[in-house]
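S.K.: So the sequence lines, in the order shown, correspond to chains R and Y.
Under my numbering, the first residue of the first sequence is numbered 5, with each subsequent residue one higher.
Under my numbering, the first residue of the second sequence is numbered 4, with each subsequent residue one higher.
Note that CB positions come from ideal geometry on N, CA and C, so glycine has one too.
From a predicted model like this one, the values you see are computed outputs, not experimental measurements.
Got a structure here, written out as structure tokens. Questions coming.
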Amino acid sequence: MAIDEAILDEHIEGGMPPTLRVYQWDPPALSLGYNQSIVHDVDVAKCQEAGVEVVRRITGGGAVLHAQELTYSIVSAVNNGIPESVAGSYRFLSQGLIASYKILGLEVELKPGRNKTRSAACFSLTTLADLTHRGRKLAGSAQARRRNALLQHGSLPIQSHADILFSVLKFSSEASRQKTRLLYNKRMFVLNEVIGRDIDMQELKDDLRKGFTQALGIRFYDDGLTAAEIRRSQALAAEKYGTDAWNHRK
Amino acid sequence: MEFPEDIKYIATHQWVKPEGKTGTVGITDYAQDQLGEVVLVELPDVGSSVQKGAVFGTIESVKAVADLYSPVDGTVTEVNEAVYDEPNLVNEDPYGKGWMLKVEMSDPGQPDSLLSASDYQATLKEE
């Protein structure tokens, strides 16, 4: 999370090009939306028991469990063809994901509707920013806007992690936990389930690269983090993402 | 889309309405339209200082969190708590009931240097 914010700030202030980053988490982590209440939604003791770290994002939305999934982040100014409106920018960037899934033989679409209800678990709801396959959510995203730039976070679930997710989130009652979990199972898909095999992570990363290249007409240059991005991310990790003041701010 | 003539704008889509030393601050009709349905607004405490071009709060719409930038320097004298309870006031009435801050401006002349309604609209056409 610190690295993504560092990439965003270096794009805004340091003139770095737009960036697509893909990564996984070790140990697994539960990321919370910028305004989500950790007190209300998360059983912190259960997270510790399960070896799951908790971190708050600067992007909106609900909790996402980063386990058995691929996380992506996109940083770009809202120009170069990216519409400024939130809905428009999701539509634009989702073309890359749609093309990536197509390479895997999957028809996915951007869910056009909106859902106003807030839920602790991001994946139990589909909103305007989510990709669905046969009506079930296959990928979720959230954005932050700073100056004229956007950071879009997304999660592409590979295998089900509902056992852990529903053990670390808080619900008003056991019945509510069960009900939400049933809805979650009905409304979402994980990639391995849909393609009927265990996808290789490198294959998925390569498909994302191809999909974004084809759909958005862009060319990627492979690069690691710059020295400035590393410095910023280390400072952000120490002063923000590693602190209770940030992670427990709500 | 409306852009009243009696207020001043900045390119990051905030407006200020000067009345003597006090400036009322909010976001533009264009900004609320681009964000979509607002679900949460986070504003500074009364007494805190704001600076022109610096972040004073955040706004979350369905699926995006955006920073809010102050059009003027000054001290916050009032925040619109109604938008905490009803964030969609920002969508429904961005220049009226959806206002965000009242600021005692360090320099009441500062809004004169900001964008007029037509200047601001011109920046939108470029985007």
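1) In chain order, which continuous runs of the alpha helix (DSSP H) of length 4 or greater are located wholly inside the stretch 135-215 of chain R?
2) With a threshold of 8 Å on Cβ separation, who are the neighbours of Y/Pro47 within its own chain once the five nearest residues in sequence on each side are excluded?
3) In or out: R/Val112 buried (at least 16 other Cβ within 10 Å) or exposed?
4) Can you tell which of Y/Ile10, Y/Lys24, Y/Val19, Y/Glu8 has the C-alpha that lies nearest to the C-alpha of Y/Met108?
5) When the Cα atoms are used, what is the spatial distance from R/Arg110 to R/Arg201?
6) Taking the beta carbon of R/Phe224 as the centre, do at least 16 other beta carbons fall within 10 Å, making it buried, or is it exposed?
7) Output needed for Y/Gly39: all residues of its chain with C-beta closer than 6 Å, excluding positions within five of it in sequence on either side, in chain order.
8) List the endpoints of the continuous alpha helix (DSSP H) containing R/Gly100.
9) Near R/Lys120, which residues of its chain fall below 8 Å by C-beta distance, leaving aside the five closest residues on each side in sequence?
10) At the level of alpha carbons, what is the spacing between Y/Glu8 and Y/Trp18?
11) Output the boundary residues of the beta strand (DSSP E) element that contains R/Lys244.
12) In this structure, how does DSSP classify Y/Asp70 when only helix, strand and coil are distinguished?
13) Could you give the C-beta distance for R/Val198 and R/His252, rounded to a whole number, given that I count them as a contact under 8 Å?
14) Do you know offhand how far R/Ile267's Cα is from Y/Ala120's?
15) Are the beta-carbon atoms of R/Leu135 and R/Leu108 separated by less than 7 Å?
16) What separation, rounded to the nearest whole angstrom, lies between the Cα atoms of Y/Val49 and Y/Gly29?
17) Have a look at R/Asp13 and R/Met5 and give me their C-alpha separation to the nearest angstrom.
18) In chain Y, what lies closer than 7 Å to R/Thr217 by C-beta?
19) Could you give the residue range of the beta strand (DSSP E) that holds Y/Ile10?
20) On the DSSP letters alone, give me the boundaries of the beta strand (DSSP E) that R/Glu57 sits inside.
21) Report buried or exposed for Y/Tyr98, applying the criterion of at least 16 other Cβ atoms within 10 angstroms of its Cβ.
22) For the stretch 28-56 of chain R, which residues have a beta carbon sitting closer than 9 Å to at least one beta carbon of chain Y?
23) Strictly below 7 Å CB to CB, what residues from chain R border Y/Glu63?
24) Would Y/Lys66 pass as an interface residue toward chain R - the criterion being a Cβ-Cβ separation below 7 Å?
25) Note down the Cα distance separating R/Leu268 from R/Leu36, rounded to an integer number of angstroms.
26) Chain R beta carbons: is any one of them nearer than 7 Å to that of Y/Lys118?
27) Would you mind working out which of R/His157, R/Arg235, R/Asp8 sits nearest R/Gly66, comparing C-alpha positions?
28) I'd like to know whether the C-beta atoms of R/Leu195 and R/Ile162 end up nearer to each other than 7 Å.
M.R.: Let me lay it out:
1) 166-172, 178-191, 195-199
2) Excluding residues within five positions, the ones whose Cβ falls inside 8 Å are Val53, Phe59, Gly60, Val79, Val82, Leu104.
3) buried
4) Y/Lys24
5) In the sequence on display, residue 110 of chain R carries Leu and not Arg. Going by the C-alpha atoms only, they are around 13 Å apart.
6) exposed
7) Ser64, Val65
8) 90-107
9) For R/Lys120, the predicted model reports a pLDDT of 47, less than 50, meaning its position is unreliable; a value from the coordinates is still stated below. Within the same chain, R/Lys120 has no close Cβ partners at all.
10) 11 Å
11) It is not in any beta strand (DSSP E) - R/Lys244 carries neither H nor E in the DSSP assignment.
12) strand
13) About 36 Å separates the two Cβ atoms, so there is no contact after all.
14) An answer regarding residue 267 of chain R cannot be provided, because it is not within the stretch 5 to 254 covered by chain R.
15) no
16) 16 Å
17) Between R/Asp13 and R/Met5, the C-alpha separation is close to 13 Å.
18) Going along chain Y, no residue has its Cβ under 7 Å from R/Thr217, so there is no contact; the nearest lies around 25 Å.
19) DSSP places Y/Ile10 outside any beta strand (DSSP E), giving it a letter other than H or E.
20) 57-60
21) Around the Cβ of Y/Tyr98, a 10 Å sphere holds 16 or more other Cβ atoms; the residue is buried.
22) The stretch 28-56 of chain R vs chain Y, Cβ under 9 Å: Gly37, Tyr38, Asn39.
23) Tyr38, Asn39, Gly64
24) yes
25) The first residue shown for chain R is 5 and the last is 254, placing residue 268 of chain R beyond what the model contains.
26) Contrary to the premise, residue 118 of chain Y reads as Leu rather than Lys in this sequence. No, Y/Leu118 does not count as interfacial toward chain R.
27) Closest option to R/Gly66, Cα to Cα, is R/His157.
28) yes
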